[in-house]
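All remarks here apply to the structure that follows.
In UniProt numbering, the protein residues as written are 1 to 133.
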């Protein structure tokens, strides 16, 4: 099993919380939390994420990775992402546009057919006005 039992207990105690209080705040049963702390069970992914979010720590930290390991892992991931972006010819602005597009798609999915047509008309007007500048 991972070092998660030590981390959960350490984080809980550092905030002065009882198992009952932590359970109420995370919506995880007190006995389930006790099992985690006594290394009798590992949290499901869902509960591990709840605990990491509650304690405002990375999931990897909760699982027992130390700060140096986390820092090195993030550095390696950043380098790999930068390398992949270079190979694909992408830059950070492309991701901002993709994020905006994703939000637009979410909005469009909630529109009626008639309003979808209006949305497209508006988008075309924006493109035309942008190309005139």
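Even for Gly, the Cβ is constructed at its ideal location relative to N, Cα and C. Please read all numbers here as calculations on a predicted model, not as lab measurements.
For the pair of segments examined, the region 28 to 47 was found not to touch the region 75 to 95: the number of CB pairs separated by less than 8 Å stays below three. If you draw a 10 Å sphere on the C-beta of residue 122, you find fewer than 16 other C-beta atoms in it, and that means exposed. According to the DSSP assignment, residue 68 belongs to the alpha helix (DSSP H) that extends over 67 to 88.
A direct Cα-Cα distance of roughly 57 Å separates residue 125 from residue 20. Note on the UniProt domain "HTH cro/C1-type" (8 to 62): whole alpha helix (DSSP H) runs with a minimum of 4 residues are 19 to 26, 30 to 37, 45 to 55, 59 to 62, in chain order. Between residue 36 and the set 112, 9, 130, the nearest pair of CA atoms involves 9.
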